[in-house]
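A.B. asks: 1469 is the number of the first residue of the sequence shown in the working numbering; add one for each residue after it.
Yeah, the Cβ is synthetic: ideal placement off N, Cα and C, and Gly gets one too.
Bear in mind that the values here come from a model prediction, so they are computed numbers and not experimental data.
Let me begin by handing over the structure; questions about it come next.
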Amino acid sequence: MATSKSSTPAETRLDEHLDKPSTTAPGDGPADTTDPDERATSATPDKGAAAQAGHGTVNAVVPLPKRKTAAARQGRDRTETYTALRPDGTEVTVERNIETGESSVTGS
């Protein structure tokens, strides 16, 4: 996102350039982004060009290509069921969904 020094962006996106500071919204850091699908990777900055331009800092992260979305999983979820003891000694049944990691506890 290219902006002048006097303007402040409302949201933060990763910059492609490596010869000047990254442009961020107030409170965000250099590798922050407001896009949940955007991923950062470190890069080798051009410190010499940044110093010649009078910048004290330089951007050192660039965006990675967007992830491909996975196809929806078909079939039923796999689950496991087992008994366990609560700290007070009461026996309960635990059911854990292996696909999602969600667990539920039934029993007194």
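So is K1534 buried or exposed if we call it buried at 16+ other beta carbons inside 10 Å?
C.D. replies: exposed
A.B. asks: By the 10 Å Cβ neighbour count, where 16 or more other Cβ atoms means buried, how is N1527 classified, buried or exposed?
C.D. replies: By the neighbour-count criterion, in which a residue is buried when 16 or more other Cβ atoms sit within 10 angstroms of its Cβ, N1527 is buried.
A.B. asks: Taking Cβ positions, are D1496 and S1490 nearer each other than 7 Å?
C.D. replies: no
A.B. asks: Leaving aside the five residues before and after E1479 along the sequence, list all residues of the same chain whose C-beta is less than 7 Å from its C-beta, in chain order.
C.D. replies: Cβ neighbours of E1479 beyond the five flanking positions: A1493, T1502.
A.B. asks: At which residues does the beta strand (DSSP E) containing A1552 begin and terminate?
C.D. replies: 1547 to 1553
A.B. asks: Rounded to whole angstroms, what's the CA-CA distance from V1530 to T1558? Just pull it up for me.
C.D. replies: 53 Å
A.B. asks: So what does N1527 bridge to, in DSSP terms?
C.D. replies: Answer is none; N1527 lacks a bridge partner.
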